[in-house]
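Residue 96 in UniProt numbering is what sits at position 96 of the sequence shown, and the numbering runs on without skipping anything.
Where is the CB? At the ideal position from N, CA and C, for every residue including glycine.
Treat the numbers as computed from the prediction; the structure is a model and nothing was measured.
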Amino acid sequence: MQTIIEVKNLTHVYTDSENKEIKALDGINLEIRQGEFVAVIGANGSGKSTLARHFNALQRPSEGVCLIEGMDTTVEENLWDIRQHVGMVFQNPDNQIVAAIVEEDVAFGPENIGVPTAEIRTRVDAALAAVGMSDYAKHAPHLLSGGQKQRVAIAGVLALEPKCIVLDEPTAMLDPQGRKEIVTTVKKLNREKGITVVYITHYMEEALQADRIIVMGEGKLKMQGTPKEVFSHVRELYALGLEAPLAAKIADDLRQSGLNLQQGIITNEELAESICR
Ligand code: ADP
Ligand code: MG
1 MQTIIEVKNL THVYTDSENK EIKALDGINL EIRQGEFVAV IGANGSGKST
51 LARHFNALQR PSEGVCLIEG MDTTVEENLW DIRQHVGMVF QNPDNQIVAA
101 IVEEDVAFGP ENIGVPTAEI RTRVDAALAA VGMSDYAKHA PHLLSGGQKQ
151 RVAIAGVLAL EPKCIVLDEP TAMLDPQGRK EIVTTVKKLN REKGITVVYI
201 THYMEEALQA DRIIVMGEGK LKMQGTPKEV FSHVRELYAL GLEAPLAAKI
251 ADDLRQSGLN LQQGIITNEE LAESICR
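Okay, here's the thing in structure tokens:
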């Protein structure tokens, strides 16, 4: 599969208001391939958002390189193309919605980049259908639930027809129902439309849905692998300020207490089955 994001020795140093240097990213090496669903987890301040912003060229490396489809994010002429390829969705849906009618909001992006009017209609309809919000096209965004608003924000990004969507804690401000809507929507976009997904979250149960999990800690890439691989390291995750999904934690506790459970239990179903066996 083709590489869409490639990061080599990516280092990012911020200078704070007192001129103190903060190394937010420290020598990250990473490749994300077209069509992958990658979750990024890590404690607060571990560098997740900074990494995400590099993928959309909102930041420039202090050292190392970030290539999006081979395009260097430090080259000014690449920025337009890079931002066509990689769309961003942020935490707060209210900050991302600009229009007073849902379909106008979704049309805002394509209008801005000069998509012909007839095509905008097609794109808006397709984007709203893809996030399950077609019935709300004429509604006022401020009357929607958090999950619905966030789906409209995702539709706004989809209308730009990106190859990759980077979502930075898109469910952090949502209730359980809203969170479920977003994860389901994003997974569907990945599986059915082949859109590459980078999904930052502090909900381990959401990260379980990904093909691969990247674990950040203190600006470094600490661990990566399938959910099974990563969540089998229950105690290493604790040390990074993270918790494995509940089933993996219970399995770990039961093993500690002497129960002979198989390795790699991460879902409730696997745990139930393993105990009953
Ligand atoms: P995360 O998203 O994992 O919480 P961030 O990428 O937001 O991590 O932050 C990584 C580190 O960089 C933290 O120590 C944070 O305080 C610092 N940081 C982030 N943004 C800035 C900024 N604009 N100026 C100075 N320091 C920053
Ligand atoms: Mg963050």
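Spatial neighbours of residue i in its chain, beta-carbon cut-off 7 Å, leaving aside the 5 residues before and after
{"i": "Ala210", "result": "Phe37, Val38, Ala39, Tyr199, Pro227"}
{"i": "Asn190", "result": "Phe37, Val197"}
{"i": "Arg53", "result": "Gln59"}
{"i": "Met1", "result": "Arg33, Gln34, Gly35"}
{"i": "Glu69", "result": "Ile4, His85"}
Rounded C-alpha distance that separates residue i from residue j
{"i": "Leu242", "j": "Ser232", "result": "13 Å"}
{"i": "Thr15", "j": "Lys23", "result": "9 Å"}
{"i": "Arg255", "j": "Ala244", "result": "15 Å"}
{"i": "Glu18", "j": "Gln91", "result": "28 Å"}
{"i": "Asn56", "j": "Gln177", "result": "29 Å"}
{"i": "Leu271", "j": "Leu208", "result": "15 Å"}
{"i": "Ser62", "j": "Leu10", "result": "8 Å"}
{"i": "Ile264", "j": "Ala248", "result": "Residue identity differs from the one stated: residue 264 is Gly in this sequence, not Ile. Near 8 Å, if we compare the C-alpha coordinates of Ala248 and Gly264."}
{"i": "Ile84", "j": "Leu160", "result": "It should be noted that the sequence gives Gln, not Ile, for residue 84. Between Gln84 and Leu160, the C-alpha separation is close to 7 Å."}
{"i": "Ser257", "j": "Ile275", "result": "13 Å"}
{"i": "Val65", "j": "Thr117", "result": "37 Å"}
{"i": "Ala7", "j": "Ser145", "result": "Here residue 7 turns out to be Val, not Ala, going by the sequence shown. Taking the straight line from one Cα to the other gives about 36 Å."}
{"i": "Ala126", "j": "Gly47", "result": "34 Å"}
{"i": "Asn78", "j": "Met71", "result": "6 Å"}
{"i": "Glu269", "j": "Thr201", "result": "22 Å"}
{"i": "Ile195", "j": "Ile165", "result": "7 Å"}
{"i": "Leu67", "j": "Leu25", "result": "16 Å"}
{"i": "Ile266", "j": "Glu104", "result": "42 Å"}
Residue burial classification, residue i (beta-carbon count within 10 angstroms, cutoff 16)
{"i": "Gly87", "result": "buried"}
{"i": "Met204", "result": "buried"}
{"i": "Gln148", "result": "buried"}
{"i": "Tyr238", "result": "exposed"}
{"i": "Thr50", "result": "buried"}
{"i": "Gln96", "result": "buried"}
Beta-carbon separation (whole angstroms), residue i vs residue j, contact threshold 8 Å
{"i": "Thr3", "j": "Arg33", "result": "6 Å"}
{"i": "Val124", "j": "Val106", "result": "5 Å"}
{"i": "Gly27", "j": "Gly217", "result": "No, Gly27 and Gly217 are not in contact; Cβ-Cβ is about 13 Å, not under 8 Å."}
{"i": "Leu221", "j": "Ile213", "result": "Between Ile213 and Leu221 the Cβ distance is about 11 Å, and since that is not below 8 Å, they are no contact."}
{"i": "Ser134", "j": "Leu128", "result": "5 Å"}
Cβ shell of residue i (< 8 Å), same chain only, five flanking positions each side left out
{"i": "His139", "result": "Ile101, Val102"}
{"i": "Phe108", "result": "Val98, Ala99, Gly156"}
Same chain only: Cβ atoms within 6 Å of residue i, ignoring 5 sequence neighbours per side
{"i": "Thr171", "result": "Arg179, Ile182"}
{"i": "Val131", "result": "Arg151, Ile154, Ala155, Thr185"}
{"i": "Glu206", "result": "Val183"}
What are the complete alpha helix (DSSP H) segments, minimum 4 residues, inside the region 55 to 96? Considered as a whole, the region 55 to 96 harbours 79 to 85 as its complete alpha helix (DSSP H) runs of no fewer than 4 residues, in chain order.
Could you pull out every unbroken alpha helix (DSSP H) segment of at least 4 residues lying fully inside the region 95 to 163, listed in chain order? If we require 4 residues or more, the alpha helix (DSSP H) runs fully inside the region 95 to 163 come out as 102 to 112, 117 to 130, 146 to 158.
List, from N- to C-terminal side, the beta strand (DSSP E) runs of 3 residues or more that fit wholly inside the region 165 to 202. The region 165 to 202 contains these whole beta strand (DSSP E) runs: 196 to 200.
Please give me, in chain order, every unbroken run of the beta strand (DSSP E) with length at least 3 that falls completely inside the region 30 to 57. Runs of the beta strand (DSSP E) lying entirely within the region 30 to 57 and spanning at least 3 residues, in chain order: 37 to 42.
Runs of beta strand (DSSP E) lying entirely within the region 201 to 243, each at least 3 residues, in chain order: You should have 212 to 217, 220 to 225.
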